[in-house]
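Participant: Got a structure for you, written out below as structure tokens; questions coming shortly.
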Ligand code: SF4
């Protein structure tokens with residue numbers, strides 16, 4: 049029997065729909081695969097099935113995962129799917145299969161000897177680490193209209209994991225976080241719920257209209273960072289390994 | 008209020024001076040508390056702590072770490088702010104500190120404030136200023152982020168109590184592990200005056216916890232616990248003394264953290280060691296590793312060091328060093344050993360030990376599995392078996408394993424930028440002669456208070 053590749057869109061909706069389809073084929077899971085995006089390396093003797101994402105189907109799959117594998121596993125899976133890794137769809141699919149076959153599916157993430165579970169575990173950790181990094185490394189700049197604006201360039205698609213932290217922390221303020229790589233925004237109006245904006249143009253002029261105090265604060269902080277360092281302990285390599293250059297690029301205190 | 012504030016100085020200049028003066032104090036925001044925002048102010052706290060930046064020395068920046076003032080009536084020999092130093096003096100006003108904190112916080116530069124201070128006029132006067140600053144920050148600015156504040160030794164306990172109800176963490180720095188060290192280098196400080204507020208804070212934390220059980224909305228006193236700092240290498244105490252002091256502080260004073268700060272000689276005082284190799288960073292690193300073993304690995308100071316062997320091995324981390332001296336316990340079968348024993352294996356940390364316990368429920372673990380889990384096999388392989396077999400045919404013999412472990416380069420946080428191993432080991436060569444008495448350390452810290 050030939051292998052079948054389900055070609056899914058790179059989104060929760062796309063991949064969950066793919067998993068649903070895989071189950072409905074009622075074939076041996078080892079011959080079914082989920083692939084994200086284009087059918088890159090076409091294999092001979094393989095069948096390719098394009099999957100159209102469907103919100104209703106995806107919701108059913110997500111409910112099943114939450115019910116059978118538990119909330120914690122579900123969050124790990126969502127974080128894994130936010131990863132930029134292209135094998136994530138397959139890893140999540142096979143992890144779900146593994147979990148549903150276990151007596152207690154809630155323990156599936158402990159099954160690290162399974163390569164797919166291990167992959168999901170790693171991807172989850174990668175995404176989570178980037179979220180934790182950006183909780184600290186993200187910088188807001190205050191615009192003339194009082195809005196706090198931040199531009200970040202994350203490797204993984206993490207805005208939705210980052211937003212709740214800042215919405216809680218700065219609940220009374222208006223802020224916007226812009227994912228420079230994917231062109232998506234989180235918008236948080238003061239005292240209201242945050243939401244995601246895609247396909248929007250950014251008014252770059254407005255984003256450089258700082259408030260009266262903004263540049264002064266940037267200077268104060270840059271000076272602070274300079275003064276807090278102990279010169280007898282200087283270690284730029286350590287600094288760089290703790291705070292990789294790809295983050296520094298977006299941080300006011302490292303601007304030349 | 009009437010204390011001298013140099014009016015001419017800009018906030019920028021003050022920030023420079025009062026940051027410079029605060030930089031030797033160690034603090035971090037981890038092992039704190041999770042506190043959600045209330046929706047009526049600004050800020051929350053995250054138990055794991057958040058690093059917001061890293062300075063050129065590779066240390067984490069998470070707090071606006073400043074002194075309220077660098078004026079000081081005392082003359083501690085190791086301190087840049089001591090009264091006999093001729094340095095520019097300045098003080099913030101409570102409002103300036105509030106504005107800086109809020110301005111930094113909302114831009115996500117910091118996790119909160121770490122406010123320390125020199126002693127202006129007297130301890131009470133200084134503590135009162137610190138209290139007022141916190142009061143404004145919490146009540147007027149509705150700041151709900153992290154605050155770590157110093158309790159000034161000798162200040163009225165009532166002021167310390169009031170301040171503690173506004174702070175997340177409080178600390179009193181012990182600075183020097185023995186009473187002799189303290190009286191030699193900090194003639195105005197007395198161990199009793201340092202331990203008294205420590206005890207007060209400990210009791211305050213305890214009774215606050217009880218009150219919260221009774222009344223959910225009782226105000227919380229220092230919810231993120233108490234910490235202290237020990238300076239490493241300014242006085243001749245050995246590592247065993249330092250670790251014993253730390254252990255006592257954890258057990259008897261229930262401190263959350265003890266920080267170690269490699270001595271930086273800023274004053275070139277004749278009472279102080281010259282440290283031509285720079286601050287004793289390797290020693291500081293070993294102490295942090297050992298401290299970790301005390302807090303999370305179930306080790307006792309007496310297992311790691313002894314009077315006969317009072318200092319950590321320069322070449323090996325304290326856990327590997329311990330394992331080599333206890334080879335009779337190895338090899339350990341990873342598929343059966345209990346969690347506490349797994350923790351004692353070099354190359355296995357808290358996380359990998361937890362994962363092993365979890366993963367072996369569903370299958371027998373092999374060496375490649377262990378690697379996936381995050382075990383550092385290059386280090387662990389001499390100490391473990393999987394299904395009764397060792398990874399390679401290795402001897403369980405101290406010299407042999409030591410030699411092999413030394414070929415695996417240990418990741419040190421500071422062995423890059425030109426600081427060499429040779430220079431680091433110089434702390435051994437400082438040539439202290441005095442050998443303080445170990446009993447005194449116990450007595451001093453336990454202090455019949
Ligand atoms: S009390 Fe001692 S350590 Fe503290 S600021 Fe004054 S001189 Fe420095």
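Protein chains in written order, with our numbering: chain L, 49 to 304; chain Z, 8 to 456. Here a beta-carbon is modelled for each residue, glycine too, at the ideal position from N, C-alpha and C. Every value quoted in this text rests on a predicted model; they were computed, and no experiment measured them.
Should residue 275(L) be flagged as near chain Z, meaning a C-beta pair shorter than 8 angstroms?
Facilitator: At least one chain Z Cβ lies under 8 angstroms of residue 275(L).
Participant: Identify the residues that DSSP records as bridge partners of residue 53(Z): which are they?
Facilitator: Its beta-bridge partners do not exist; DSSP assigns none.
Participant: For residue 187(Z), is the classification buried or exposed, using 16 other Cβ atoms within 10 angstroms of its Cβ as the cut-off for buried?
Facilitator: Residue 187(Z) should be labelled buried.
Participant: Taking 8 angstroms as the CB-CB cut-off, is residue 301(L) touching chain Z?
Facilitator: It does: the Cβ of residue 301(L) has a partner Cβ on chain Z nearer than 8 angstroms.
Participant: Considering only heavy atoms of ligand 1, does any lie closer than 7 angstroms to the CB of residue 125(Z)?
Facilitator: True, at least one ligand heavy atom lies under 7 angstroms from that Cβ.
Participant: With distances taken Cα to Cα, identify the nearest neighbour of residue 179(L) among 158(L), 193(L), 228(L) and 202(L).
Facilitator: Of 158(L), 193(L), 228(L) and 202(L), the residue nearest in Cα terms is 202(L).
Participant: Just the Cα atoms here: how many angstroms apart are residue 75(Z) and residue 263(Z)?
Facilitator: The straight-line gap from Cα to Cα measures roughly 24 angstroms.
Participant: Residues in the same chain with beta-carbon distance under 6 angstroms from residue 169(Z), minus the five sequence neighbours each way, listed in chain order, please.
Facilitator: Counting only Cβ-Cβ distances below 6 angstroms, and skipping sequence neighbours, we find 138.
Participant: Between residue 140(L) and the rest of its own chain, which residues show a CB-CB distance below 7 angstroms, the 5 nearest in sequence each way excluded?
Facilitator: Taken in chain order, the residues that qualify are 63, 125, 128, 129 and 168.
Participant: So residue 50(Z) and residue 171(Z) are in contact, right, with Cβ under 8 angstroms, and what is the actual spacing, rounded?
Facilitator: Actually they do not touch by this definition, with Cβ atoms about 18 angstroms apart.
Participant: Mind reading off the beta-carbon distance from residue 357(Z) to residue 348(Z)? Whole number of angstroms is fine, and I expect it under 8 angstroms.
Facilitator: 13 angstroms between Cβ atoms; not a contact.
Participant: Is residue 272(Z) near ligand 1 - that is, is its Cβ less than 7 angstroms away from at least one heavy atom of it?
Facilitator: Checking the Cβ of residue 272(Z) against ligand 1 gives no.
Participant: What are the residues that DSSP puts in a beta bridge with residue 182(Z)?
Facilitator: In DSSP, residue 182(Z) forms a bridge with 237(Z).
Participant: Got a sec? Which residues, its chain only, sit under 6 angstroms from residue 231(Z) by beta carbon, not counting five neighbours each side?
Facilitator: Around residue 231(Z): 39, 40, 175 and 176.
Participant: Taking three-plus beta-carbon pairs below 8 angstroms as touching, is the region 113–122 of chain L in contact with the region 71–86 of chain L?
Facilitator: The region 113–122 of chain L is not in contact with the region 71–86 of chain L.
Participant: Step through the CB atoms of chain L and report whether any lies within less than 8 angstroms of the CB of residue 432(Z).
Facilitator: For residue 432(Z), the predicted structure reports a pLDDT of 31, less than 50, and the residue's modelled location is therefore unreliable. The matter cannot be settled from this model.
Participant: Counting along the chain, where does the alpha helix (DSSP H) carrying residue 62(L) start and finish?
Facilitator: From DSSP, the alpha helix (DSSP H) with residue 62(L) extends over 60–72.
Participant: Using a 10 Å radius around the Cβ and a threshold of 16 neighbouring Cβ atoms, would you call residue 277(L) buried or exposed?
Facilitator: With 16 or more other Cβ atoms within 10 Å, it is buried.
Participant: Which full runs of the beta strand (DSSP E) of 3+ residues lie inside the region 72–120 of chain L, going along the chain?
Facilitator: Correct list: 80–84 and 94–98.
Participant: Could you name the residues of chain L that residue 63(Z) contacts, counting a contact when the two beta carbons are closer than 7 angstroms?
Facilitator: Going along chain L in sequence order, the residues near residue 63(Z) (Cβ under 7 angstroms) are 277, 282, 284 and 287.
Participant: When DSSP builds the beta bridges, which residues end up paired with residue 177(Z)?
Facilitator: Note: residue 177(Z) sits in a beta bridge opposite 156(Z) and 233(Z).
Participant: Can you round the beta-carbon distance between residue 267(Z) and residue 295(Z) to whole angstroms, since I take them to be within the 8 angstroms contact cut?
Facilitator: 6 angstroms between Cβ atoms; contact.
Participant: I'd like to confirm something about residue 193(Z): is its beta-carbon nearer than 7 angstroms to some heavy atom of ligand 1, or not?
Facilitator: True, at least one ligand heavy atom lies under 7 angstroms from that Cβ.
Participant: Using the beta-carbon of each residue, which ones in chain L are nearer than 7 angstroms to residue 50(Z)?
Facilitator: The answer, in chain order, is 217.
Participant: Answer yes or no: the CB of residue 42(Z) versus the heavy atoms of ligand 1, is any distance below 7 angstroms?
Facilitator: No, Cβ of residue 42(Z) sits at least 7 angstroms from all heavy atoms of ligand 1.
Participant: From which residue to which residue does the alpha helix (DSSP H) around residue 262(L) run?
Facilitator: Start and end: 262–276.
Participant: I'd like to confirm something about residue 31(Z): is its beta-carbon nearer than 7 angstroms to some heavy atom of ligand 1, or not?
Facilitator: No - ligand 1 has no heavy atom lying nearer than 7 angstroms to the Cβ of residue 31(Z).
Participant: Whose C-beta lies closer than 6 angstroms to the C-beta of residue 143(L) among residues of the same chain, with five residues either side of it excluded?
Facilitator: Counting only Cβ-Cβ distances below 6 angstroms, and skipping sequence neighbours, we find 164, 165 and 168.
Participant: From the DSSP secondary-structure annotation, give me the bridge partner or partners of residue 266(Z).
Facilitator: Answer is 236(Z), bridged to residue 266(Z).
Participant: For ligand 1, any of its heavy atoms closer than 7 angstroms to the Cβ of residue 324(Z)?
Facilitator: Answer for residue 324(Z): no, Cβ out of range of ligand 1.
Participant: For ligand 1, I want to know if residue 89(Z) counts as a neighbour, meaning its beta carbon is within less than 7 angstroms of at least one of the ligand's heavy atoms.
Facilitator: Yes, Cβ of residue 89(Z) sits closer than 7 angstroms to a heavy atom of ligand 1.
Participant: DSSP has residue 227(L) in a bridge; who is on the other side?
Facilitator: In the DSSP output, where bridge partners are listed per residue, residue 227(L) has 200(L) and 232(L).
Participant: Would you call the CB atoms of residue 96(Z) and residue 77(Z) closer than 8 angstroms?
Facilitator: Closer than 8 angstroms, so yes.
Participant: Quick check: is any heavy atom of ligand 1 less than 7 angstroms from the C-beta of residue 86(Z)?
Facilitator: Yes, Cβ of residue 86(Z) sits closer than 7 angstroms to a heavy atom of ligand 1.
Participant: Mind listing which residues of the region 104–133 of chain Z have their C-beta closer than 9 angstroms to chain L's C-betas, in chain order?
Facilitator: Listed in sequence order: 107, 110, 111, 112, 113, 114, 115, 116, 117 and 118.
Participant: Judging by CA-CA distance, which residue of 337(Z), 416(Z), 86(Z) and 283(Z) is the nearest neighbour of residue 396(Z)?
Facilitator: The option with the nearest alpha carbon to residue 396(Z) is 337(Z).
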